[in-house]
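Residue numbers (this note's numbering): 111 to 346.
For glycine and all other residues, C-beta sits at the position ideal for the given N, C-alpha and C.
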Ligand code: UDP
């Protein structure tokens, strides 16, 4: 597989074309941003760690019959993936209250609701990725109601599988963000990374934060936290 031109550069990753029109290379950078790009830095080894963590998670999800864009990991920073048309939606799942929901509704971080909370954000940098509902998503043509049904069914299953995976290594899956895309043959698949950049992961005993909140909130030992997640998942 030959690496060709840069198709897209995001905050934490680059997407390259390959000699196959239906396949791309996803390259993980060390760059980190928070608060809509206001806070920026490099986190040592983050790209490699997120690539390795995402690899473990995607292989586990694929084994459990979740359709994904992932094909294989090429090297320390790159994965080969199916080219998909990404829905301009962030699907957020909350098993515990934290972050923006804690602030917006004034609920203490770490509160466990009786239900799982699903949120949609419209991916639009100029608008700051606003929180929207299903009907907004259809109205702005981000997806159809049929697409949403598939997306929510997959998201529920992915959450159950990820809770189980992290529980097995002593970690509470507080919340996470995922994205979906449509392949050339019209299948809806999970896409993008799942890593400490996109999930809140707390040690089950100490409640230590092992995720990007260490960067957002200047808690220090950011790389060490990502290493700890990789080390624990690697034990499986
Ligand atoms: N998240 C993400 N990308 C975003 C926004 C959120 O990966 O652009 C993840 C975030 O890491 C957390 C979850 O989604 O695991 C819920 O984030 P929240 O809405 O609390 O936002 P934040 O606190 O990041 O503003």
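Which residue comes first and which comes last in the beta strand (DSSP E) that contains residue i?
i	result
residue 331	Premise fails: residue 331 is in no beta strand (DSSP E) and is neither H nor E.
residue 322	From DSSP, residue 322 is part of no beta strand (DSSP E); its letter is neither H nor E.
residue 211	Unbroken run through residue 211 is the alpha helix (DSSP H), 209–215; no beta strand (DSSP E).
residue 151	149–152
residue 143	141–144
residue 301	298–301
residue 117	113–119
Below 6 Å, is the gap between the Cβ of residue i and the nearest heavy atom of the ligand UDP?
i	result
residue 149	no
residue 142	no
residue 156	no
residue 301	no
residue 209	yes
residue 287	yes
residue 202	yes
residue 310	yes
Could you tell me the boundaries of the alpha helix (DSSP H) in which residue i lies?
i	result
residue 172	156–173
residue 249	244–249
residue 204	Premise fails: residue 204 lies in the beta strand (DSSP E), 199–204, not in any alpha helix (DSSP H).
residue 260	255–277
For my contact list, residue i and residue j are in at a C-beta cut-off of 8 Å; report their separation, rounded to the angstrom.
i	j	result
residue 142	residue 325	5 Å
residue 313	residue 281	6 Å
residue 163	residue 340	5 Å
residue 139	residue 151	Going by Cβ atoms, the distance from residue 139 to residue 151 rounds to 12 Å, so no, they are not a contact pair.
residue 135	residue 215	Actually they are not in contact, since the Cβ atoms of residue 135 and residue 215 sit about 40 Å apart, beyond 8 Å.
residue 218	residue 212	7 Å
residue 242	residue 230	5 Å
residue 285	residue 167	With a Cβ gap of about 15 Å, residue 285 and residue 167 do not count as contacting.
residue 320	residue 329	The Cβ separation is near 11 Å, so there is no contact.
query: With a cut-off of 8 Å, do at least 3 Cβ pairs link the stretch 288–299 to the stretch 190–199?
result: yes
message: Assess contact between the stretch 170–179 and the stretch 296–303, defined as three or more Cβ pairs (one per stretch) separated by less than 8 Å. Is contact present?
response: yes
- request: Could you say if the stretch 160–177 and the stretch 263–280 meet the contact criterion of at least three C-beta pairs nearer than 8 Å?
  value: yes
- prompt: Counting pairs of beta carbons, one from the stretch 182–194 and one from the stretch 246–254, are three or more of them closer than 8 Å?
  reply: no
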